[in-house]
Amino acid sequence: MVLLICVGTPLLGAFLLPALGHWSEKARRWGSLLMVLTALVCAVISTVDLLSGRTDAVKILLPLGLSMGFRMDALAAFMALTSCTVSTVIVIYSFGYMKEYAHLNEYYLMITFFIGAMMGLVMSTSLLEIYIFWEFSSFCCWRLIGFYRDPVSIRRADKAFMVTVFGALVMLVGFAGIYGATGTFDLDALRGSQIPGWTVGLMLVGILSKSATFPLHNWLPDAGVAPSPVTSLLHAAVLVKIGVFAYARLIVLTFSIPQIYTVVVPVIAAVSALISAGCALMATDIKRVVAYSTISQLAFILLGLSSGSRIGFAGGMLYILAHSIAKAGLFLCCGIVEHNLHTKDMNKMGGLARTMPKTAVAFALCALSVMGIPPFSGYFAKYLVISGEVDAGHPVIAAVFILGAVLTILYLVRLFAKVFLGPCRNPESHEGNNQMVASVLTLAVLSLLLGFLIFLPSGLITLAMEAM
Amino acid sequence: MNLVTVLLIIGLLMIFAGCWCLMRTYHLLKITIGIEVAMKAVTLFLVLAGRISGSLALSETFVITVMVAEAIVAVVGTGTAVGLFRKYGSMDVRNLKQLKG
Amino acid sequence: MTILSICAHGFVYCPILVVLIYNLFNHEFARKHFIWFAGAGATWQILTSAAGFFVLHQSGQNGYAFGALWDPGLPGSAYFELSGPRFLLLLIVGLVAFVSVLVAHHTVDFNRSSYTNLLMILVLGMNGMLLVTDLFSLYVFMEVTGLCCFIMIAMFRSRADLEGSFKYLILSELSSIFILTAVAFLMMKTGSLRYTDLAGLGSRISAGSGRLEDVLFYAALVLLISGFAIKTGVVPFHSWLPDAYQSADTAVSILLSGAVNKVAGVYGLIVVMELFGDVAPVGKSLAAVGIVSIIIGALLAVRQPHYKRVVAYSSVSQMGYILLALSTGTTLGLVAALAHIFSHTAFKSTLFTNAAALQEQAGTLELQDLGGLENQMPVTAFTSIIAFLSTAGIPPTAGFWSKILIILALWQAGSPVLAAVALIAGILSSAYLIRLQRTVFFGQTRPELAGVKEAHGSVLTAEILLTVITLGLGLLYPYILMLLHAGGIL
Amino acid sequence: MNTIIYISAGLMLIFGVYAVMEHSILRAAIGLALSSASLSVLLYVLGAHLAAVFELSVCSGLVTVIFIAGISLSHSPKMEIQKEYRDKERNRQLPLVLIGAGLLLVILALTLQLQTPQLGEVAADQDVRDVLWGNRQADIWGQIALILCGGVAVAVLFREERREKK
């Protein structure tokens with residue numbers, strides 16, 4: 000029941016928001032926040048249940064192996080908590096950011112629906128269900144990226160939609176292959192089953208397209224035309240994490256796959272990390288830099304999950320959490336800057352630390368976490384991932400990733416220096432409004448605190464590792 | 000080469016001529032005539048089938064129904080052709096270029 | 000008179016009755032109130048097909064045979080028979096007729112009485128096709144259906160209307176010739192054309208027997224398949240379809256895409272599969288035609304300059320999916336094909352109804368003149384998005400489930416490659432529909448379209464009705480699958 | 000008996016091809032009528048007496064009347080006729096193609112040596128009227144619909160345009 004509320008409230012309630020919007024602007028905002036909070040509370044309740052040894056689950060039985068349901072296990076709880084927390088902050092932030100635009104009805108509808116889809120996805124117990132929620136999220140990202148409705152946004156929205164839908168369809172072929180081999184879509188029934196190698200390959204295409212990993216990464220930097228809360232949501236809280244979540248859920252936890260993929264996937268991840276880090280060093284659009292950084296960091300996550308060792312897996316999961324919080328913070332800071340200066344070109348910025356000090360501090364804290372500087376949470380995650388890879392016996396790949404980590408430091412320092420340090424070029428700029436600044440500071444503090452309270456999520460991670 | 004074979008071949012040739020007319024003629028009414036020519040052969044086939052299988056009465060009822068259909072097709076075809084003539088002042092198929100994509 | 004017999008006889012009597020009563024009234028009155036007569040006919044059809052199904056299901060019979068004029072007592076007679084899967088198609092006929100009437104209320108102006116008469120005869124023709132138990136009667140009613148369509152397209156008498164109608168007539172008559180020849184060839188072997196006599200004929204024929212009738216049997220199969228494929232409008236027999244759909248008045252396009260090419264074309268192929276499915280090349284050729292038309296249809300749709308042409312080519316592509324499902328010859332395949340027929344009816348009718356709304360409000364359907372209409376026409380935009388998702392097979396719409404069923408059917412029948420290609424081709428469906436979205440609804444409003452208003456009245460009702468069906472089915476499909484499973488069908 | 004069949008079948012083919020090839024549309028319609036008449040002789044000889052009468056009256060008579068009505072409603076202007084001569088050129092290939100196809104079919108029939116069925120006896124106990132009214136109710140119902148269709152077609156398609164489309 001808790002699970003149904005958790006998924007149903009944002010998913011179905013989202014359609015009430017346009018009606019609320021007709022009535023009053025405020026009702027729509029708070030309605031949206033309330034729904035996301037409901038999902039968060041339900042996720043917390045269910046997680047508490049889980050930690051005390053009970054598993055919440057609902058299921059309807061259907062013929063032809065099409066059974067569907069929701070179940071909260073450690074991985075689902077971890078993902079649900081992460082994305083709900085970050086989403087809540089983002090929704091609060093968008094109160095301030097999204098005041099003056101048209102289509103706000105659609106905006107809140109899609110944001111809330113998106114979070115509902117994410118909740119559904121992480122708790123789903125069938126391959127088909129994963130596909131359904133997967134497409135929900137593609138649809139939402141199509142509408143959200145095209146939010147401004149100018150031709151460029153529309154084209155990029157279409158691109159993002161086409162790439163992710165293509166990936167999803169290829170993945171569905173993989174699912175159909177699994178169905179053909181086993182006769183069911185049900186994850187419980189499929190646990191531990193041997194599946195043909197090519198289906199794993201097809202699923203990987205879907206995962207790579209969703210989590211924007213090389214060679215299907217192109218749409219993500221382009222999606223930066225969307226409003227900042229949206230990009231933040233896409234990059235940090237929901238969309239790209241769906242891909243890595245699917246990897247963890249399907250390939251790591253459910254199926255036993257051919258050995259070759261424990262090498263192939265890390266290599267893809269390594270290539271992706273290096274290429275995107277290079278791009279980030281070259282880009283001049285602040286959102287593009289952060290977007291490439293996302294691609295690069297996702298490669299780390301994928302590496303951790305695919306390394307095959309338990310330490311790596313734990314590192315990957317921790318990385319999801321750390322990256323979500325820090326990256327959301329980075330994007331929201333970029334949003335404040337962009338909102339103020341009406342440009343995204345970092346050559347036109349400089350010395351913003353003086354006019355918007357709180358944002359600068361928040362940005363610095365989040366950037367440090369992404370770079371992986373101790374004692375931030377990012378450090379522990381990165382350390383675990385790389386040591387997991389060494390454990391699994393691929394020191395070369397681990398070395399490449401250390402190079403990637405160094406590049407991360409380089410481009411983030413470059414970004415920070417160009418935007419916030421140096422002579423002040425934008426004296427008329429000023430701090431964002433309260434909701435926005437409060438959200439970024441919250442995220443910055445969270446990513447610092449997590450470094451000290453690293454034991455908090457470890458309970459869930461250990462539980463998830465036991466299922467491996 | 001008995002009677003049945005000869006009639007079949009003649010019928011097939013006639014259908015061929017009708018379809019040729021359908022595909023390669025420029026005149027709208029001629030196209031409709033092409034349909035009718037092919038229908039003649041089909042009528043013959045039906046009666047032939049009735050004779051071969053010994054249920055001639057059944058095939059005769061078929062033929063009668065087909066003829067009604069044929070007449071109505073001629074009406075509709077001619078009507079459309081006349082309508083097109085009123086628009087274009089000619090019966091040439093090559094005028095039909097409204098629909099492209 | 001039981002309820003069942005009232006329902007059954009209604010399918011053949013009701014349309015004629017409506018025509019007779021309608022023409023009793025004076026012209027002006029009839030013109031003004033046509034919606035009530037045609038609407039009543041369509042509503043009767045919807046209600047009786049639903050009621051008939053439940054009554055028949057309750058009684059536990061397989062089918063209900065009845066004669067049109069008097070008792071079907073005589074041996075060897077051609078009578079009508081109501082049975083399971085036909086109900087769904089009868090329901091589709093009623094639904095599409097209903098939607099078409101709603102749209103016609105706005106789009107059809109000066110020849111409303113002809114429209115009403117022809118609509119009812121068309122419904123009769125399609126009902127006849129679905130109810131008959133004899134291949135020749137199938138041809139007769141197919142001819143009725145076709146002729147009504149030609150007249151309905153041509154009666155608006157613009158150049159494009161007449162042209163589209165004539166092209167349709169040429170190819171359609173070609174298919175009639177094919178089918179009649181096939182009928183004659185089959186009759187040489189059997190002396191009867193009832194389904195019961197023809198079923199299983201394939202197993203009694205051997206290719207190498209050296210008998211003329213056996214050779215002609217295979218020729219007949221080729222002719223039957225190509226004849227019905229022309230009527231369905233699949234590649235390579237599709238050339239009439241976009242022209243006819245584009246030129247016809249939108250109320251007629253809805254009929255054509257929603258019901259006619261399914262009943263006249265796909266249902267014919269269903270019959271062919273039922274009768275001769277045991278001859279292996281039949282299924283294979285259907286699969287080949289299906290896969291080619293999925294891909295070619297979608298590729299052609301991407302480049303079209305006219306809203307209705309895009310939608311028409313999308314029909315070509317979607318018909319391919321249905322043929323692919325049919326080609327398996329399994330029960331699951333048939334269920335999948337029927338499911339996709341139904342969802343296709345819903346979403347394609349939505350798209351055409353949107354076309355009617357655009358035509359009425361914005362005054363054009365050329366894609367280059369449209370843009371950013373979602374602010375002006377929010378409901379139309381929303382319904383078109385749902386139809387788009389359903390066409391591309393994206394959840395939670397009816398199209399998603401029917402496509403999944405098709406894939407499962409193909410996979411179970413042992414052709415995974417076809418299933419994979421069909422799935423990946425879904426990206427092409429998304430491509431042309433996303434282009435449609437971008438050029439028509441999504442985006443900035445063009446200044447000359449700023450004064451456009453939302454559609455109103457019956458067109459809006461039709462849009463909402465169809466969208467509710469698409470979405471509702473999408474959400475209820477698990478339940479339907481459970482019912483089918485409980486009924487022992489799956 | 001067989002001679003009449005061969006002759007009338009041959010005539011049917013020849014008139015049919017003439018109807019296709021003749022570029023004067025009036026003569027083509029007459030060619031169709033003659034082809035129809037030959038067919039009706041053929042049908043009569045084959046034993047389908049009622050069908051033969053129908054063929055003569057409906058196809059040879061009514062359909063020709065329809066075509067002539069169509070022709071009289073549309074007189075092509077002189078310059079258009081020139082264009083239509085192209086038809087003649089294109090159709091000139093037809094006899095050759097037909098002879099080719101015919102030869103091919105004959106050779107096929109001779110080489111395949113198929114076992115061809117014989118014409119059966121005309122059963123005496125079957126009456127067309129009984130079969131039509133007793134067994135083919137569905138077809139009769141279809142014919143009613145067809146005739147209604149034809150009525151609407153005449154009413155809708157042939158009338159002069161009084162009101163232009165908006």
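Chains as they are written, first to last, in numbering that gives the first Met the number 0: chain U, 0 to 467; chain W, 0 to 100; chain F, 0 to 489; chain A, 0 to 165.
Note that CB positions come from ideal geometry on N, CA and C, so glycine has one too.
Since we're looking at a predicted model, the values are computed, not measured.
Query	Result
Against chain F: residues of the segment 62–90 of chain W by CB proximity under 8 Å	T64, V65, A68, I71, V72, V75, G76, G78, T79, A80, G82, L83, K86 and Y87
Chain F within 8 Å of A/T110, Cβ atoms only	no
Assumed close pair U/L103, U/G20 - CB separation to whole angstroms, cut-off 8 Å	7 Å
Sufficient close CB pairs (3 or more, under 8 Å) joining the segment 63–75 of chain W to the segment 57–66 of chain A	yes
Extent of the continuous beta strand (DSSP E) run through F/Y63	G62 to F65
Residues bridged to F/S342 [DSSP beta-bridge criterion]	Answer is none; F/S342 lacks a bridge partner.
Close-in-space but distant-in-sequence residues of the same chain around U/R519 (CB under 7 Å, 5 per side omitted)	The structure shown does not extend to residue 519 of chain U, since chain U is modelled only from 0 through 467, so no value can be given for it.
Helix, strand or coil at U/M348 [DSSP, three-state]	coil
8 Å Cβ cutoff met for W/I63 and A/A28	no
F/C147 at chain A interface by Cβ criterion, 8 Å	yes
Beta-carbon proximity of F/W269 to F/L325, cut-off 8 Å	The identity of residue 269 of chain F in the sequence shown is Ile, whereas the question assumes Trp. Yes, they are a contact pair.
Neighbourhood of W/S89 by C-beta distance below 7 Å, restricted to the same chain and skipping five residues each side	none
Nearest residue (CA-CA) to F/Y476, options F/A397, F/M272, F/N126 and F/R85	F/A397
A/K164, DSSP secondary structure in three states	Unreliable positioning characterises A/K164 in this predicted model, as indicated by a pLDDT of 45, which lies under 50. The coordinate reading is nonetheless provided below. Residue state, collapsed to three classes: coil.
Within-8 Å CB hit, U/A185 to chain F	A small correction: the amino acid at residue 185 of chain U is Asp; Ala does not occupy that position in the sequence shown. False, the Cβ-Cβ gap to chain F never drops below 8 Å.
Short Cβ contact (8 Å threshold) for F/T352 with F/I468	no
Spatial distance of U/G12 from U/I114 (CA atoms)	11 Å
8 Å Cβ cutoff met for U/S446 and U/I324	yes
Neighbour list for A/T2 in chain W, Cβ cutoff strictly below 8 Å	Those do not exist, as A/T2 stays about 11 Å from chain W at its closest Cβ, beyond 8 Å.
Beta-carbon neighbours of A/G141, restricted to chain F and to distances below 7 Å	G127, S136, V139, F140 and V143
Terminal residues of the alpha helix (DSSP H) in which U/M544 lies	This structure does not reach residue 544 of chain U, given that chain U is present from 0 up to 467, and the question cannot be answered.
For U/A56: DSSP bridge partner residues	U/R70
Boundaries of the alpha helix (DSSP H) in which W/E35 is found, first to last residue	L27 to S52
For U/S125, the three-state DSSP class (helix, strand or coil)	strand
Cut-off 8 Å between Cβ atoms - residues of its own chain near W/W19, not counting five sequence neighbours on either side	G33
7 Å Cβ cut-off: residues of chain F touching U/D157	I433 and R437
Which of helix, strand or coil DSSP assigns to F/Q367	helix
Short Cβ contact (8 Å threshold) for F/G163 with F/V143	no
Through-space distance from F/Y194 to U/P9, alpha-carbon basis	53 Å
CB contact flag (W/G10, W/F61, <8 Å)	no
Range covered by the alpha helix (DSSP H) that runs through U/S295	I285 to S305
Separation of U/F362 from U/G421, as counted between CA atoms	16 Å
Three-way DSSP call (helix, strand, coil) for F/E273 in this model	helix
Short-range partners of chain A found in the segment 15–30 of chain W, where Cβ spacing is below 8 Å	F15, A16, G17, W19, C20, R23, T24, Y25, H26, L28 and K29
Contacts around F/A338, its chain only, beta-carbon distance under 6 Å, and the 5 residues preceding and following it disregarded	S401 and L404
Straight-line Cα distance separating F/R445 from U/V90	32 Å
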